[in-house]
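Trainee: Under our numbering, the sequence shown has 270 at position 102, and the numbering climbs by one with no breaks. Backbone N, C-alpha and C define an ideal beta-carbon position, used for all residues, glycine too.
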Amino acid sequence: MERVEDVAEVAVVVLAGGGSTRWAAQTAREGRGGADKLAAPLGGVTVLEHLLRGLTGREVVLVGPGGIREDPPGGGPLAGFAAGLGASTAGVLVLLGGDQPFAASAVPRLLAALARDPALDAVVGVDADGRRQPLLSAHRRERARRVLDGLPAVAGLPLRELFRGRVGEVAVSAREALDVDVPQDLARARALLPGPPAARGGDPEASGPGPT
169 MERVEDVAEV
179 AVVVLAGGGS
189 TRWAAQTARE
199 GRGGADKLAA
209 PLGGVTVLEH
219 LLRGLTGREV
229 VLVGPGGIRE
239 DPPGGGPLAG
249 FAAGLGASTA
259 GVLVLLGGDQ
269 PFAASAVPRL
279 LAALARDPAL
289 DAVVGVDADG
299 RRQPLLSAHR
309 RERARRVLDG
319 LPAVAGLPLR
329 ELFRGRVGEV
339 AVSAREALDV
349 DVPQDLARAR
359 ALLPGPPAAR
369 GGDPEASGPG
379 PT
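Set out below in structure tokens:
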């Protein structure tokens, strides 16, 4: 069986431009500060860096601070995907959230599912409860481009607009689907790391730079 990566370049679009609203509100109430969930320490690096390290060797398009910006800034996840598509010439684009530190392990299965059926426009991860996870998905460039071009605007629209064609589904684990929205999610992520509890948080400033 041909793999997607044998016949088309692949880029991973990582959305990192969200406002961390729930995270900031809860940490402010608890007097803990730290308005950016992606910068929260996880295993000696940040939440975002943990994801990026799992994507080493792949083309990564970071949408958000430190990368490219969606138009308009803060325009939502569909606008972020559109920005990522415009910044890469890859024939297949994988879409992940920057607050999903363990999502990288799902990427090979998403690509394999897309390769198995050339008629599919996209594939999306589905969790154990049967819920689609649009930030664990892979898209054929030409189809995604047609969908976006057919919309009057992308700002504020939901990601489900991308899944109107032929869409396959891939089972993803709770670990892969875990997104860090509130401090309790960060605690769950730390509990999934190997090693003693003291090593599961850590100071990202002391760990050296993450991947570029």
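1) Excluding sequence positions up to five away, which residues of its chain have a Cβ less than 7 Å from the Cβ of R343?
2) Hey, out of D267, D204, D239, whose CA is closest to L219's CA?
3) Are the beta-carbon atoms of V155 and V338 separated by less than 8 Å?
4) Going by Cα to Cα distance, which pick from A179, R358, L316, D347 is closest to G259?
5) For G324 and G244, which I take to be in contact (beta-carbon distance under 8 Å), what is that distance rounded to the nearest angstrom?
6) Inspect the beta-carbon positions of V215 and V181 and report whether they are closer than 8 Å.
7) Give me the DSSP bridge partner(s) of E337.
8) Once DSSP output is grouped into helix, strand and coil, what is the label at P302?
9) Start and end of the beta strand (DSSP E) containing A323?
10) Taking the C-alpha atoms as reference points, what is the distance between P286 and G336?
11) Give me the Cα-Cα distance between K205 and G265, rounded to the nearest whole angstrom.
12) Can you find at least 3 beta carbon pairs, one from the segment 222–237 and one from the segment 304–315, that sit closer than 8 Å?
13) Only counting the same chain, and skipping five residues up and downstream in sequence, which positions put a Cβ closer than 8 Å to that of P240?
14) Report the partner residues of L264 according to the DSSP bridge assignment.
15) Among L210, A207, P209, G293, which has the Cα closest to the Cα of V275?
16) Let's see if you can read the secondary structure: which residues bound the beta strand (DSSP E) around E344?
Mentor: The structure says:
1) Counting only residues of its own chain and dropping the five nearest sequence neighbours on each side, R343 has a CB closer than 7 Å to the CB of F270, L360.
2) The shortest C-alpha separation from L219 is found at D267.
3) Past the boundaries of the shown model lies residue 155; the chain is included only from 169 to 380, so the question cannot be answered.
4) Closest option to G259, Cα to Cα, is A179.
5) Yes, G324 and G244 are in contact; Cβ-Cβ is about 5 Å, under 8 Å.
6) No, Cβ-Cβ distance for V215 and V181 is not below 8 Å.
7) Per DSSP, V292.
8) P302: strand per DSSP, three-state reduction.
9) Boundaries cannot be given for A323, as no beta strand (DSSP E) includes it and DSSP labels it neither H nor E.
10) Whole-angstrom Cα-Cα distance: 11 Å.
11) For K205 and G265, the distance between alpha carbons rounds to 12 Å.
12) Output reads no: the segment 304–315 does not touch the segment 222–237.
13) Leaving aside the five residues that flank P240 on each side, the residues in its chain whose CB is nearer than 8 Å to its CB run, in chain order, A247, A323.
14) Residue pairing by DSSP places L264 opposite V182, L304 in a beta bridge.
15) Proximity to V275 across L210, A207, P209, G293 peaks at G293, based on C-alpha coordinates.
16) No beta strand (DSSP E) contains E344, which is instead part of the alpha helix (DSSP H) from 342–345.
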